[in-house]
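When we follow our numbering, the leftmost residue of the sequence shown carries the number 2, and every step to the right adds one.
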Amino acid sequence: MHTSKQEAIRAITSLPDTDSMEDIMYRLYVIDKIKRRLEAIKKGETI
């Protein structure tokens with residue numbers, strides 16, 4: 002199990018050096034949303 006910090010570092014280091022802070026923040030936002038949705042699915046909290 003990876004910590005949130007480790008996941009963020011991995012995601013950021015995989016991005017090109019030319020990406021803006023906005024790009025980085027969006028990437029982290031998307032990862033967080035996907036992670037939350039997958040947890041909701043596992044708990045049966047979906048329609």
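C-beta atoms are modelled at their ideal positions from N, C-alpha and C, and glycine is treated no differently.
query	result
Ordered list of alpha helix (DSSP H) runs contained in the region 3-40, each at least 4 residues	5-15
Span separating the alpha-carbon of Y30 from that of G45	23 Å
Simplified DSSP assignment, three categories, for I48	coil
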